[in-house]
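Number of protein chains: 2
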Amino acid sequence: MSRERLIIVGGDAAGMSAASQARRRRGADELEIVVLERGRYTSYSACGIPYWIAGDVEQRDDLIVRSPEKFREQDIDVRIGHRVTELDVDAGRVLAHSDGGSGLLDFDQLVIATGAEPVRPDIPGLDATGVYGVQSLTDGVEVQRALESRPERAVVVGAGYIGLELAEALVRRGLSVTVVEAADQPMSTVDAEIGAQIAVALRGIGVDLRLGVAVKGIEAAGRVVGVATDDGEIPADIVLLGLGVRPNSSLAVDAGIECGPTHGIRTDARMRSTSHQNVWSAGDCVETHHLVSHRAVHIALGTHANKQGRVAGINLGGGYATFAGVIGTAVTRVCDLEIARTGLASREADDAGLEYVAVSADSTTRAGYFPGAQPITTRLIAERGTGRLLGGQIVGREGAAKRIDVLATAIWNAMTVRALVDVDLSYAPPFSPVWDPVLIAARKTADALSDG
Amino acid sequence: MSRERLIIVGGDAAGMSAASQARRRRGADELEIVVLERGRYTSYSACGIPYWIAGDVEQRDDLIVRSPEKFREQDIDVRIGHRVTELDVDAGRVLAHSDGGSGLLDFDQLVIATGAEPVRPDIPGLDATGVYGVQSLTDGVEVQRALESRPERAVVVGAGYIGLELAEALVRRGLSVTVVEAADQPMSTVDAEIGAQIAVALRGIGVDLRLGVAVKGIEAAGRVVGVATDDGEIPADIVLLGLGVRPNSSLAVDAGIECGPTHGIRTDARMRSTSHQNVWSAGDCVETHHLVSHRAVHIALGTHANKQGRVAGINLGGGYATFAGVIGTAVTRVCDLEIARTGLASREADDAGLEYVAVSADSTTRAGYFPGAQPITTRLIAERGTGRLLGGQIVGREGAAKRIDVLATAIWNAMTVRALVDVDLSYAPPFSPVWDPVLIAARKTADALSDG
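Chains as they are written, first to last, in our numbering: chain A, 1 to 452; chain B, 1 to 452.
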């Protein structure tokens with residue numbers, strides 16, 4: 001049997017997980033693995049970048065899980081600084097460029113793991129010096145460099161997860177920070193009343209949070225001097241884009257590889273392209289399906305990227321694995337406020353045409369009398385009629401957010417809120433009130449369903 | 001319709017939950033509710049007593065969720081200092097004694113919520129001054145009083161949850177503490193390798209932990225002077241019994257009410273006695289069933305007591321509710337070590353005749369590079385063949401233990417470890433590595449099943 005060549009475009013979580021799993025199952029005598037990465041880093045934690053900027057994480061290299069050298073020891077031929085500009089799937093060939101020149105590389109199997117790119121609004125001035133997206137580690141390095149020149153005023157465009165994590169990081173670095181958000185609440189993935197708690201916390205650490213304000217352009221004179229909005233100009237020495245990301249799928253689109261309505265690459269459950277048998281894809285560039293709304297979604301998260309890359313690699317290695325889909329679980333920490341969500345928020349349930357009750361319950365993270373007990377609000381969304389748990393949101397202080405995983409596991413198993421009340425969750429005073437906050441919320445929601 | 005009388009024997013979590021729920025559904029004009037409590041307190045957190053002794057909880061009254069006066073405002077006639085010595089179910093009558101005398105009280109419906117009592121080994125000297133069980137708040141008050149005379153040396157008999165929590169509390173109060181345990185590991189509800197970690201932590205705070213040592217008697221000269229063991233005598237100024245508890249069901253047994261093999265009162269899912277239609281029971285005095293082993297079990301826990309009392313009260317109030325059973329979830333904190341378990345431990349799986357693989361995975365509570373990341377060991381037990389998750393154990397530092405609830409929810413839903421790998425759990429660097437420790441363990445266990 002002649003040696004096959006697997007080319008992987010993109011050397012972050014998804015691509016490198018695929019590479020490692022394929023290598024574990026097939027030796028170098030059988031399968032050559034070449035990874036083409038346009039940046040300088042492999043397998044790093046993009047989610048950790050805001051914490052590096054904040055100073056929680058000391059060094060850039062702390063974010064790097066595994067270096068190119070380490071992968072090379074496994075006979076994975078990682079080529080950094082290699083930018084792929086064209087895929088010819090029928091011919092089994094990619095065109096790549098590096099400092100050493102350009103060239104065509106043949107493949108038998110291809111993994112596209114090109115990740116996501118920051119959403120860049122269609123406004124003037126985005127290319128000015130001092131405007132940054134924070135998607136890759138290279139972006140993070142640039143922001144750190146920009147902070148060395150001690151800018152005083154920052155504007156963050158967008159109040160999603162990344163935007164808020166960056167806003168807090170910049171406050172902690174001593175900048176005066178304004179966050180501009182077009183919606184009327186921060187973090188539109190949670191319901192308004194949870195968003196309101198987040199707004200209070202942000203303003204509490206001094207962030208100037210402008211809600212319902214649209215950005216019209218970046219004012220620049222060589223470099224950034226301000227952000228023009230429909231509510232006036234906001235002076236700025238540095239501007240960060242926190243508008244979320246979209247699949248970086250243009251290479252695939254150009255090659256005729258099928259993408260879905262979210263512009264993510266479409267794959268089957270084994271992460272194989274729906275249009276090309278010898279193409280696989282994983283990570284932030286793919287589209288996946290939501291197990292509650294049953295819709296195609298694009299959710300860029302390191303945890304999915306790792307899982308999907310692993311699935312692709314196992315299949316490429318001759319094994320069998322599938323990616324089951326997602327339910328939109330996410331967690332973050334902003335200003336000591338822990339925020340988490342899973343399943344459908346009210347807005348998403350509305351969009352899916354579902355009727356539901358949404359109930360919030362306030363409690364404490366530990367027994368009320370126990371030192372360190374912190375407030376926690378648990379909000380549940382349950383379908384009318386069936387009583388099925390559709391979604392959950394948690395906001396609170398230390399020890400609150402990870403409880404979202406119980407709700408995620410419950411949704412994953414299509415539990416009703418009434419059934420959730422019965423689950424034998426752990427209790428001891430340092431960990432929980434005698435009724436865990438999750439159970440209190442389930443009880444209250446079950447009652448609301450009976451009344452409704 | 002003439003007014004009915006509900007008598008509840010025992011005014012802690014189970015009894016008072018039943019009273020409150022029954023009252024919510026039926027007014028005082030329809031249902032008279034009389035609670036007979038032999039002690040002086042209602043609705044307190046027995047689980048909090050070790051933390052009160054340790055000094056984490058400042059005041060006794062912090063442990064009291066709701067006073068008799070508060071219940072009386074709800075037309076619940078709480079009579080403290082009332083000891084019931086006889087039940088005549090056929091006649092619908094109880095015999096109660098108080099400082100005010102003795103008397104018979106008629107009932108239409110009866111709830112037995114007499115709780116548990118500490119296991120007292122059959123050894124000489126147990127009645128000596130200075131020997132305490134720590135089951136009720138009254139016991140806790142006595143221990144606090146004993147500590148005021150500044151004893152120097154304590155012996156704790158038994159290294160279960162309560163024993164270890166008390167041992168730590170006494171170390172923090174400045175005593176020299178010896179723990180004597182007949183088994184060869186502390187906390188026999190977890191597997192040996194988890195027990196070994198607990199032993200290291202206990203010895204690390206200076207506890208003299210004697211494993212595999214049997215207590216033969218208490219040496220006393222009026223008051224305690226030492227504990228005789230098969231490994232010699234251990235001097236002691238105070239002795240605490242931490243041998244666990246058993247159902248306090250003798251009143252029910254004497255009245256001919258059916259009890260099960262655990263000596264707990266048998267009830268149906270609505271918490272009604274299996275032998276008497278007008279008798280209900282809830283809390284630490286009942287027997288329940290284990291949803292994994294399908295055996296009758298007695299597990300004394302405030303969380304079950306609350307749920308069962310609520311169920312009994314809803315049914316007594318004319319509603320419909322059931323208690324679903326338990327899976328043995330428990331959590332505690334000893335010496336900054338968080339310990340949790342759910343489902344079956346290896347020993348219990350053996351007893352149930354199940355074949356399984358047991359796999360431990362070491363990880364961190366947060367992303368490895370994130371400040372505050374702590375070690376966590378997750379141990380899973382999965383059935384051969386089906387791959388069904390049978391049990392889980394967690395030991396680690398801050399942020400580790402509450403992850404047990406994900407495993408509990410997975411077991412509750414009869415998930416396989418392979419299915420668990422897919423669950424969309426939350427991830428962000430301050431909360432978890434990109435593969436949550438629970439998922440890492442599930443993956444490793446699934447691999448072991450494939451190999452086995």
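Even for Gly, the Cβ is constructed at its ideal location relative to N, Cα and C.
Does the pairing of the stretch 380-390 of chain B with the stretch 374-390 of chain A give three or more beta-carbon distances under 8 Å?
Because the criterion of three Cβ pairs below 8 Å is not met, the stretch 380-390 of chain B and the stretch 374-390 of chain A do not touch.
What first and last residue would you give for the alpha helix (DSSP H) that runs through A22(A)?
Mapped onto the first sequence, residue 22(A) falls at position 22. Start and end: A13 to R25.
For a minimum of 4 consecutive residues, which ranges assigned as the alpha helix (DSSP H) are wholly contained in the stretch 206-280 of chain A?
Whole alpha helix (DSSP H) segments, 4+ residues: 250-254.
Listed in chain order, which residues of the stretch 261-294 of chain A have Cβ atoms closer than 9 Å to some Cβ of chain B?
The residues in question are L291.
Using a Cβ-Cβ cut-off of less than 7 Å, list which residues of the stretch 430-452 of chain B approach chain A; keep chain order.
So the close ones are P430, F431, V434 and W435.
Check the DSSP bridge columns for S98(A) and list the partner residues they point to.
One-based indexing of the first sequence puts residue 98(A) at position 98. G101(A), per the DSSP bridge assignment.
To which residues of the same chain is L36(B) closer than 6 Å at the C-beta, ignoring the five residues directly before and after it?
Your numbering for residue 36(B) matches position 36 in the second sequence. The residues are V9, R79, H82, V84 and A96.
Residue range of the alpha helix (DSSP H) that R443(B) falls in?
Position 443 of the second sequence, counting from 1, holds the residue named residue 443(B). That run of the alpha helix (DSSP H) goes P437 to D451.
Identify the continuous alpha helix (DSSP H) that holds I162(B) and give its terminal residues.
Residue mapping note: residue 162(B) aligns to position 162 of the second sequence, counting from 1. Counting along the chain, the alpha helix (DSSP H) containing I162(B) begins and ends at Y161 to R172.
Going along chain A in order, which residues have a C-beta closer than 7 Å to the C-beta of Y44(B)?
Looking up residue 44(B) in the second sequence gives position 44. By Cβ distance, chain A contributes nothing, its closest Cβ being about 10 Å from Y44(B), past 7 Å.
When the cut-off is 8 Å and only beta carbons count, does P186(A) lie next to chain B?
Numbered from its first residue, the first sequence carries residue 186(A) at position 186. Chain B contact via Cβ: absent.
Restricting to Cα atoms, I'd like to know which of Y161(B), G100(B) and R60(B) is closest to D139(B).
Residue mapping note: residue 139(B) aligns to position 139 of the second sequence, counting from 1. Measuring from the Cα of D139(B), the nearest candidate turns out to be R60(B).
Buried or exposed: where does R333(B) fall if 16 or more other Cβ atoms within 10 Å of its Cβ makes it buried?
Start at 1 with the first residue of the second sequence, and residue 333(B) comes out as number 333. Its Cβ being crowded by 16 or more others within 10 Å, R333(B) is buried.
Step through the CB atoms of chain B and report whether any lies within less than 8 Å of the CB of R23(A).
The residue given as residue 23(A) occupies position 23 in the first sequence. No, no contact with chain B.
Do V406(B) and T409(A) come within 8 Å of each other at the CB atom, strictly closer than that value?
Translated into positions along the first sequence, residue 409(A) becomes position 409. Translated into positions along the second sequence, residue 406(B) becomes position 406. Yes. Within cutoff.
Beta-carbon of D424(B) versus every beta-carbon of chain A: anything under 8 Å?
Taking the first residue of the second sequence as 1, we reach residue 424(B) at position 424. Taking Cβ atoms only, chain A reaches closer than 8 Å to D424(B), which makes this a yes.
What number of angstroms, rounded off, separates the C-alpha of S149(A) from the C-alpha of V131(A)?
As a position in the first sequence, residue 149(A) is number 149, starting the count at 1. As a position in the first sequence, residue 131(A) is number 131, starting the count at 1. The straight-line gap from Cα to Cα measures roughly 14 Å.
Run through the stretch 291-339 of chain B for me and flag every whole beta strand (DSSP E) of 3 or more residues, listed as ranges in chain order.
Fully enclosed beta strand (DSSP E) runs of 3 or longer: 330-334.
Listed in chain order, which residues of the stretch 322-342 of chain A have Cβ atoms closer than 9 Å to some Cβ of chain B?
The residues in question are T322, F323, A324, G325, V326, I327, G328, T329, A330, V331, T332, R333, E338, A340, R341 and T342.
Got a sec, what are the start and stop residues for the beta strand (DSSP E) E348(A) sits in?
Counting from 1 along the first sequence, the entry for residue 348(A) is found at position 348. No beta strand (DSSP E) contains E348(A), which is instead part of the alpha helix (DSSP H) from S346 to D351.
Let me confirm a value: V253(B) is counted as buried when at least 16 other C-beta atoms fall within 10 Å, else exposed. Which label applies?
Looking up residue 253(B) in the second sequence gives position 253. Answer is exposed; the Cβ neighbour count stays below 16.
Whole angstroms is fine: what's the gap from R72(A)'s alpha carbon to A113(A)'s?
Along the first sequence, read from residue 1 onward, the residue named residue 72(A) stands at position 72. Along the first sequence, read from residue 1 onward, the residue named residue 113(A) stands at position 113. Near 19 Å, if we compare the C-alpha coordinates of A113(A) and R72(A).
Any idea which residues DSSP pairs G391(B) with across the strands?
Walking along the second sequence from the start, residue 391(B) turns up at place 391. G343(B) and I381(B), per the DSSP bridge assignment.
To the nearest whole angstrom, what separates the beta carbons of G391(A) and A441(A), a pair I think is in contact under 8 Å?
Position 391 of the first sequence, counted from the first residue, corresponds to residue 391(A). Position 441 of the first sequence, counted from the first residue, corresponds to residue 441(A). Going by Cβ atoms, the distance from G391(A) to A441(A) rounds to 12 Å, so no, they are not a contact pair.
Near D362(B), which residues of its chain fall below 6 Å by C-beta distance, leaving aside the five closest residues on each side in sequence?
Working through the second sequence from its first residue, we reach residue 362(B) at position 362. Here the set comprises T377.
Using a Cβ-Cβ cut-off of 7 Å (strictly less than) and excluding sequence neighbours within five positions of T445(B), which residues of its own chain qualify?
Your numbering for residue 445(B) matches position 445 in the second sequence. Closer than 7 Å at Cβ, skipping near neighbours: V357, V359, L380, A382 and V417.
Exposed or buried, A159(B), counting other C-beta atoms within 10 Å across all chains shown (16 or more means buried)?
By 1-based counting over the second sequence, the position of residue 159(B) is 159. Buried is the call here.
Looking at the C-beta of P371(B), does it have a partner C-beta in chain A at a distance below 8 Å?
In the second sequence, residue 371(B) corresponds to position 371, counting from 1. Chain A, which has a Cβ nearer than 8 Å to the Cβ of P371(B), makes this yes.
Got a sec? Which residues, its chain only, sit under 6 Å from D231(A) by beta carbon, not counting five neighbours each side?
Residue mapping note: residue 231(A) aligns to position 231 of the first sequence, counting from 1. The answer, listed in chain order, is V213.
What's the C-alpha gap between I49(A) and L137(A)?
Numbered from 1 along the first sequence, position 49 holds the residue referred to as residue 49(A). Numbered from 1 along the first sequence, position 137 holds the residue referred to as residue 137(A). Each residue's Cα considered, the two are about 7 Å apart.
Would the stretch 62-72 of chain A count as touching the stretch 110-126 of chain A if we require 3 or more Cβ pairs under 8 Å?
These segments do not touch.
Would you call the CB atoms of V65(B) and Y44(B) closer than 8 Å?
What you label residue 65(B) is simply residue 65 of the second sequence in a count that begins at 1. What you label residue 44(B) is simply residue 44 of the second sequence in a count that begins at 1. Their beta carbons are under 8 Å apart, which means V65(B) touches Y44(B) by this criterion.
Return helix, strand or coil for V423(B), following the three-state DSSP convention.
Along the second sequence, one-based indexing puts residue 423(B) at 423. Residue state, collapsed to three classes: coil.
Could you pull out every unbroken beta strand (DSSP E) segment of at least 3 residues lying fully inside the stretch 113-169 of chain A, listed in chain order?
As far as the stretch 113-169 of chain A is concerned, its whole beta strand (DSSP E) runs of at least 3 residues are 116-118, 131-133 and 153-157.
Give the range of the beta strand (DSSP E) segment to which T386(A) is assigned.
Taking the first sequence and counting its residues from 1, one reaches residue 386(A) at position 386. Element bounds for T386(A): n/a, residue is neither H nor E.
Is it true that the CB of G325(A) sits closer than 8 Å to the CB of T288(A)?
The sequence position of residue 288(A) within the first sequence is 288, counting from 1. The sequence position of residue 325(A) within the first sequence is 325, counting from 1. Contact: yes.
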